[in-house]
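See structure below.
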Amino acid sequence: MDKRTEVIQVDVLARVEGEGALYLKMDGGEVKEAQLRIFEPPRFFEAFLRGRDFRETPDITARICGICPVAYQMGACHAAEQIVGIHPEGPLRELRRLLYCGEWIESHVLHIYMLHAPDFLGYESAIAMAEHHAEVVERGLRLKKIGNELMSFIGGREVHPINIKVGGFYKVPTVKEIRTLRERLLWGRDAAIETVRWTAALDFPDFNRDYEFVSLRHPDEYPLNEGRLVSNRGLDIDISDFGDHFEEEHVERSNALQAIHKGHGPYMVGPLARYHNNFDLLTPTCQELAREVGLGESCTNPFQSIVVRSIEVLYAYEEALRIVDAYTEPDAPSLDFTPRAGTGHGCTEAPRGICYHRYTTDDNGILLDAQIVPPTSQNQKSVEEDLLHLARQSMHLPTEDLTWRCEQAIRNYDPCISCATHFLKIFVE
Amino acid sequence: MPYRLDASSLQTLFENLKARGYDLLGPQRKDQAIVYDTLESVEDLPQGWTDEQEAGHYKLKRRDDDAYFGYVVGPRSWKRVFLPPRKRLWTATQKDGQLSLEEEPLPSQPIALIGVRSCEIHAIAIQDRVLLEGPHPDPYYAAMRAQSFIVAVNCTQSAATCFCTSMDTGPGATFGFDLAMTEIMEPEHIFVLEAGSPKGRELLADMDLENATDLQQAHAKAGIEQARQQIKRELPQDGLKDLLYQSFEHTHWDDIASRCLSCANCTMVCPTCFCTEMEDVTDLTGDHAERWQRWDSCFHESFTHVHGGSVRQSTRSRYRQWLTHKLASWLDQFGTTGCVGCGRCITWCPAGIDLTAEVKAFRDSERK
Amino acid sequence: MSDTHKPKLAVWKFASCDGCQLSLLDCEDELLAVAGAVDIAYFPEATRRMDGGPYDLSLVEGSITTPHDAERIQAIRKVSKTLVTIGACATSGGIQALRNFRDVKAFTSLVYAHPAYIDTLAQSTPIAEHVKVDFELRGCPINKAQLVEVISAFLNQRKPLVPHHSVCVECKLKEQVCVMVAHQTPCLGPVTQAGCGALCPGFARGCYGCFGPKESPNTSSIAQQWREMGASEQQILQAFRGINGYSEAFRVESERIEKRLHPSDDPKTP
Amino acid sequence: MGPIEQPRPMTPRPFRIETVKQETSNVFTWTLRAQKEGDTLAFQPGQFTMLYLFGVGEVPISISGDAEASGDLIHTIRAAGTVTQAMQQKQAGDLVGVRGPFGNAWPIEEAEGCDVVLAVGGLGLAPMRPTLYHILRHRERYKRVYLLYGARTPSDILYPEELRAWSDSGKIDVRITVDVGMDGWTGEVGLVTDLIRDIQLDPYHCVSMICGPEIMMHFTARALFHRRIAPQHIHVSMERSMRCATGWCGHCQLGPKFICKDGPVFDYPTIQAWLHKRER
Ligand SMILES: Cc1cc2nc3c(=O)[nH]c(=O)nc-3n(C[C@H](O)[C@H](O)[C@H](O)COP(=O)(O)OP(=O)(O)OC[C@H]3O[C@@H](n4cnc5c(N)ncnc54)[C@H](O)[C@@H]3O)c2cc1C
Ligand code: SF4
Ligand code: SF4
Ligand code: SF4
């Protein structure tokens, strides 16, 4: 085993969103290369956004990703609203947050129960897992369904919601309507608590790394839609300065662009980063439960991201309940505005981490330029470093187990490969 | 003998109907239109609102008074009660070499329809002929009809899209109701009420109302007359059937087809259009099947699909079928026209196609 | 369904957002029943298991945008008894087919620093332009209930109940108020195929055509209605050139408007 | 409003397939018996039922058995599209749903005392067979009886043994022609209309019934006019999309007529205007 020489290649990565491959090269007991290859074909969103009306961005950018469309819609709305100088507040802001809770629940639960958990329990899929753990899988499906119902309730449907527009919504629910969600959310909160306990009891490889955690930070709330960009290594900037601090590179072997923190290198976005940077803003129930299951205020083992995701699911359910109970109908479903020339930025917390948009429009609101940086291209370097370290540490494992373990290390990030492939490089060499 | 009901006592009429076991269905404002839906109380009525209509155009407006029934007709019609947009007919299970079918229970909740216009009563009468008087009466329709109580409201104003006077279907109700009311605003806000059936007479007797004075009755008549005078659209009936039958190859159909979207809105809103589709569905296991009946339309390609393709492939032939059926072949089939002049198909056509104008085009070219 | 041979199901992905295959995982109530009725032999988004063909039913998501994918779809067709395409990408080229109206080389250099790394075709094309397709399920995304219906229909060997009529019909069956007539909101519902449940009008907005053209769509008439409601030529052009912009009826209409807007671009007009 | 029918007109009754006989490569005949004992289905020649195949769909199919032989229900079906192809996969013992009978009948009483010309094309022989059974049972009520039958090829000829038996009995003058002859075929090659030229009939006392593709019925009727048969004595059986068979669904309208309740059999003058019109 000492002088292991082998190439491990998984051509089609399973249980990730989109199409990617894993490539690991070991030579004489040393890991030479560890790559997450992305061959998902490019779709050129930023290019064909040019010349479109900026009001179309929520509908068009949603199509970047079927799993986290809301993240794109929110980022697009925020950037567009910055251009025209409006800022939806009160019930409109709360409804957006509620919609986003739905997406977090749906996406996180999908990942926890259907994509990630089977790894820990040794199943090829949740469907296979259901044979022995029917109750668990059914709980997961129901939890996820409520997330989807929340999205459909506000957005019209779970994939590519139709009710989101620059300025707010096309139609908002009445108080009576929104209260119908309550029962389900209460059930979901309890099931989310069980989920945290269940995931915390899984068996985790001992694997910790020192990451730069980048996330949003908002003074009053666990970040979803808004905040400043911060990191555990001292970053603290306005989102409009994103371009000054981060850059994307285009590497051969990949149809995606990879982002780095200028002068710092790879960084991590997503649940671990949010959790580390914002633990104090979680609800008391979340904090207590995290302590109870022994997670602490920070987590540096990416395999444990499944537990952090569960905490965030609980947070989303509690937050949704809060919003539903406090909801009052807004005066109008959306704010009015007049298109004008300008540049706007939007950065929100997609389930997988920060998602950044920048648009520039002319006087009539026609897009002159668009840039979108999705979470997965930001995590890609971090994934590869995890692979490198993990492979070194797990050199003793037989090929089959090592392969699985590496695949799992990629799944830790819940990568969204379709998203990762359509983005513009900011600085052409 | 007509009675008077104070507008402020309208709720007592509703209470009386409820006490007799009826659920109330009537007009209310929703999404910027007046639609028929479940009514709890007079509070739900679109008091003080009216509708402005033109081809392809509908707009709610405030009235300068508090009339309860001061609008004309909206996008929904009463056919939703008797012939709902979708309904399950039966479910079937195939198991252990046996096939069993379970029929959907027939509706048993009596319903009172509040605010039925004269043209709508005519439309119900037309659907009765289609669905009750053929060789196989529709059991759902029959059950619903037998249990319904009809409160007609005579029109005292009309929309620009109305042409009941051409069709001899309004604006005052002459038959087919249990109660008929005329709303009068001046000098006081009252309803002049009369019964049209034993059920209606019984109800009025229980309510212990005053008789309407001659003057009040005269006001009611004047209101209806006012509605009649307002009607400007026309669909003259003389020779219409032959005109349409003879126009089968007319080039004007192509002109209509260039505008018609074959979207089927006109057939969906029409209170007499009765065509339906039967849908057979199964679940994933394949042990369980259902049949559903839903509104269909002659504007669909699938409507005439037989093995080898559709009979009516072009929008031209589909519009021709629709108009010819409404105004010509309906007469041969059911001894009455298929149109009651409510104007819904004109208002709710997104392309603003107006059957009265199209018929006029055929007539004009005939004269030339 | 006999237990001896459950039909083998495969789910394939080409250029897409994953939303349509996700719709299968979003069928929370039916998922285990589907797994009971079919043998999920290849579905990378859901399982590590990757069984070889032949497959009884292949669901194909995404459009063809690379030379490699153009070959891959041929191979998939060969191992699939029934091939059903799901979603706007697979049935009309999807939103990424907007590139078909422009110069793709400019696109790649705009998005990527090293366009040489990118292997892409000039056009994004629907699956049916490459292989025979047994059934096309429209939508961006597809409707879950329709997906379950297509799978049930396949299992029971009947025709899927997927009507080709307008969104208007669904709107009226749900007794919604027409946004075009009552709110003067431009809507593509009258020329768009039903399937979504007339969602947009239910939320007081106009349909933007994500299920693609219905049977016999009269696009020029709806364009005329939009004009009369005050929409600009550019707006109408963009409306057709959206998620299903490359589907025949919408493409022809957008090109017609484009020619009117920029007659000089047309080599045939002096 | 009369009492509600039991079962309701839209509810199929379960029938079991007793026998399946493959007639040609894509045509087969089912003998059906009600799952519930004693549940028989009385009908008149020319009527049809709606046959429901569990989970697949429902199609209108004419009854092709003998109306006066009590008991089983007989249908001859061509595997055309989804439902009928799935039907071809079914075996004896399987269950189907039956609604009906629906529609009107061939004018077998009007034809009494007359010459009778039955002209059929292709599968049109199946809906006509009950009429033939009736005529054979009551042969004395009719004068000359012709069956003119056009099939596509010799191997498409339906019920060949029965045709021979009818012909041999001398009770019916059976004449067959095919579109395409094949090895061993010594009979006529050509159209049904060609057969009309040679028959003997009393044009003023003659009733004709035609069943086949619309174009065939159109030309056959024209050929009969040439033989001076009055249009009102010519009857045809029509086909259109049909969903309910009860007159509710509107699909089967042909001009002012509903095929399901006014037809499927029409006298020529009633349907003439519409037979000539190309709707498209
Ligand atoms: C009165 C009458 C009597 C008949 N008697 C006989 C008989 O004795 N023997 C016989 O073999 N045939 C008979 N037929 C014809 C028979 O009903 C048709 O061959 C049968 O309906 C074909 O159904 P299918 O599912 O096999 O074919 P398909 O072509 O698959 O059609 C299936 C059904 O669905 C509809 N359909 C198909 N495609 C579409 C689409 N794209 N959109 C919408 N709808 C569609 C069709 O209207 C059809 O009813 C008769 C028909 C009628 C009207
Ligand atoms: S007439 Fe109008 S409503 Fe009717 S199908 Fe044509 S466009 Fe649609
Ligand atoms: S055809 Fe038009 S005007 Fe006549 S009843 Fe129907 S909807 Fe009303
Ligand atoms: S755009 Fe049209 S087809 Fe798509 S969801 Fe909206 S109404 Fe439905």
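Residue numbers (our numbering), protein chains in the order written: chain A, 1 to 429; chain B, 1001 to 1368; chain C, 2001 to 2270; chain D, 3001 to 3280.
Cβ coordinates follow ideal geometry from the N, Cα and C atoms, glycine included.
For this session: Compute the distance between the beta-carbons of lysine 2174 of chain C and glycine 2202 of chain C, then report whether it is under 8 Å.
Result: In this structure, glycine 2202 of chain C lies closer than 8 Å to lysine 2174 of chain C by Cβ.
Exercise. What separation, rounded to the nearest whole angstrom, lies between the Cα atoms of histidine 1300 of chain B and cysteine 3260 of chain D?
Worked result: Near 20 Å, if we compare the C-alpha coordinates of cysteine 3260 of chain D and histidine 1300 of chain B.
Exercise. So which residues of chain D does glutamine 2159 of chain C contact, with C-beta pairs closer than 9 Å?
Worked result: Note on residue identity: the sequence assigns lysine, not glutamine, to residue 2159 of chain C. By Cβ distance, chain D contributes Val3056, Gly3057, Gly3081, Thr3082, Val3083.
Exercise. Relative to the C-alpha of alanine 2967 of chain D, which residue among D:Val3056, D:Gly3065, D:Leu3095, D:Glu3112 is closest?
Worked result: Not covered by the structure: residue 2967 of chain D. The range shown for chain D is 3001 to 3280.
Exercise. Helix, strand or coil for phenylalanine 303 of chain A per DSSP?
Worked result: When DSSP states are grouped into helix, strand and coil, phenylalanine 303 of chain A belongs to the helix group.
Exercise. Out of C:Gly2206, C:Gln2225, C:Gly2087, which has the shortest C-alpha to C-alpha gap to isoleucine 2142 of chain C?
Worked result: The alpha carbon of isoleucine 2142 of chain C has as its nearest neighbour, out of C:Gly2206, C:Gln2225, C:Gly2087, the alpha carbon of C:Gly2087.
Exercise. Looking at the C-beta of glycine 1026 of chain B, does it have a partner C-beta in chain C at a distance below 8 Å?
Worked result: No, glycine 1026 of chain B lies away from the interface with chain C (no Cβ there is under 8 Å from its Cβ).
Problem set entry | Span of the beta strand (DSSP E), counted from its first residue to its last, around tyrosine 356 of chain A | Run containing tyrosine 356 of chain A: 353-361, per the beta strand (DSSP E) assignment.
Exercise. To the nearest angstrom, how far is it from the Cα of valine 3236 of chain D to the Cα of cysteine 3211 of chain D?
Worked result: So the alpha carbons of these two residues sit roughly 6 Å apart.
Exercise. Using a beta-carbon distance below 8 Å, is leucine 1261 of chain B in contact with chain C?
Worked result: Cβ-Cβ to chain C under 8 Å: yes for leucine 1261 of chain B.
Exercise. Using a C-beta to C-beta distance shorter than 8 Å, which residues of chain C count as neighbours of lysine 1030 of chain B?
Worked result: Residues of chain C passing the Cβ test: Val2177.
Problem set entry | Completely contained beta strand (DSSP E) runs for the region 3049-3082 of chain D, where each covers 3 or more residues | At a cut-off of 3 residues, the continuous stretches assigned as beta strand (DSSP E) that sit fully inside the region 3049-3082 of chain D are 3057-3062, 3073-3078.
Exercise. Between glycine 3002 of chain D and chain B, is there a C-beta pair that is closer than 8 Å?
Worked result: The pLDDT assigned to glycine 3002 of chain D is 47, lower than 50, so where the model puts this residue is not dependable, and the model offers no usable value.
Exercise. Looking at the C-beta of methionine 1 of chain A, does it have a partner C-beta in chain C at a distance below 8 Å?
Worked result: Only weak support is given to the placement of methionine 1 of chain A: the predicted model assigns it a pLDDT of 48, under 50, and the question is left unresolved by the model.
Problem set entry | Chain-ordered residues of the region 1346-1361 of chain B with a beta carbon less than 7 Å from chain C | Hits within the stretch, in order: Thr1347, Trp1348, Pro1350, Ala1351.
For this session: Look at the Cβ atom of tryptophan 3248 of chain D, then the Cβ atom of leucine 1244 of chain B, and state whether they are nearer than 8 Å.
Result: The answer is no: Cβ separation not under 8 Å.
Exercise. For the region 2021-2100 of chain C, which segments carrying the alpha helix (DSSP H) assignment without a break, of at least 4 residues, lie completely within its bounds, in sequence order?
Worked result: Entirely contained in the region 2021-2100 of chain C, the alpha helix (DSSP H) runs reaching 4 residues are, in chain order, 2031-2037, 2067-2078, 2087-2092.
Exercise. Can you name the residues that DSSP bridges to asparagine 1211 of chain B?
Worked result: According to DSSP, which records beta bridges pairwise, asparagine 1211 of chain B is partnered with B:Tyr1003.
Problem set entry | Within chain D, the residues that methionine 1268 of chain B reaches when beta carbons sit closer than 7 Å | Near methionine 1268 of chain B there are no residues of chain D at all, since even the closest Cβ is about 14 Å away, more than 7 Å.
For this session: List the endpoints of the continuous beta strand (DSSP E) containing tyrosine 100 of chain A.
Result: Under the DSSP assignment, tyrosine 100 of chain A falls outside any beta strand (DSSP E), being part of the alpha helix (DSSP H) whose first and last residues are 90-109.
For this session: Determine contact between the region 107-116 of chain A and the region 137-152 of chain A, defined as no fewer than three beta-carbon pairs at a distance below 8 Å.
Result: Counting Cβ pairs under 8 Å, three or more are found: they touch.
Problem set entry | Span separating the alpha-carbon of valine 2252 of chain C from that of threonine 1050 of chain B | Cα-Cα distance, rounded: 42 Å.
For this session: Check the Cβ of isoleucine 64 of chain A against every Cβ in chain C and list those closer than 8 Å, keeping chain order.
Result: Within 8 Å Cβ-Cβ: Cys2017.
Exercise. To the nearest whole angstrom, what separates the beta carbons of cysteine 1270 of chain B and cysteine 1345 of chain B, a pair I think is in contact under 8 Å?
Worked result: Rounded to whole angstroms, the Cβ separation of cysteine 1270 of chain B and cysteine 1345 of chain B is 5 Å, and the two are in contact under 8 Å.
Exercise. Which same chain residues, not among the five before or five after serine 1247 of chain B, have their C-beta less than 6 Å away from its C-beta?
Worked result: Only Phe1362 meet the Cβ criterion.
Problem set entry | Whole-angstrom distance between proline 69 of chain A and glutamate 1015 of chain B, CA atom to CA atom | Approximately 50 Å, taken between the alpha carbons.
For this session: Starting from the beta carbon of lysine 2013 of chain C, find every residue of chain A whose beta carbon is closer than 7 Å, and list them in chain order.
Result: Neighbours of lysine 2013 of chain C in chain A, taken as residues at a C-beta separation under 7 Å, are given in chain order as Glu19.
Problem set entry | Residues of its chain near alanine 76 of chain A, where Cβ-Cβ distance is below 6 Å and the 5 sequence neighbours each way are ignored | Within the same chain, alanine 76 of chain A has close Cβ partners Thr57, Pro58, Thr61, His357.
For this session: Tell me the start and end of each unbroken alpha helix (DSSP H) in the region 1017-1103 of chain B that is at least 4 residues and wholly inside, in chain order.
Result: Entirely contained in the region 1017-1103 of chain B, the alpha helix (DSSP H) runs reaching 4 residues are, in chain order, 1079-1082.
Exercise. Which chain B residues sit within Cβ distance under 9 Å of glutamate 3037 of chain D?
Worked result: Within 9 Å Cβ-Cβ: nothing; glutamate 3037 of chain D doesn't reach chain B, min ~13 Å.
Exercise. If you measure from the beta carbon of leucine 2173 of chain C to each beta carbon in chain B, is any gap under 8 Å?
Worked result: By the rule that beta-carbons nearer than 8 Å mark a contact, leucine 2173 of chain C touches chain B.
Exercise. Based on Cα-Cα distance, which residue from B:Cys1342, B:Glu1277, B:Thr1156 lies nearest to glutamate 1120 of chain B?
Worked result: It is B:Cys1342.
Exercise. Does any C-beta atom of chain D lie closer than 8 Å to the C-beta of histidine 1136 of chain B?
Worked result: True, the Cβ-Cβ gap to chain D drops below 8 Å.
For this session: Measuring only between beta-carbons, confirm whether tyrosine 2208 of chain C sits less than 8 Å from chain A.
Result: So yes, tyrosine 2208 of chain C belongs to the interface.
Problem set entry | alanine 3111 of chain D at chain C interface by Cβ criterion, 8 Å | Residue contact check for alanine 3111 of chain D against chain C: no CB pair falls below 8 Å.
For this session: Identify every residue that forms a DSSP beta bridge with tryptophan 1295 of chain B.
Result: Note: tryptophan 1295 of chain B sits in a beta bridge opposite B:Thr1276.
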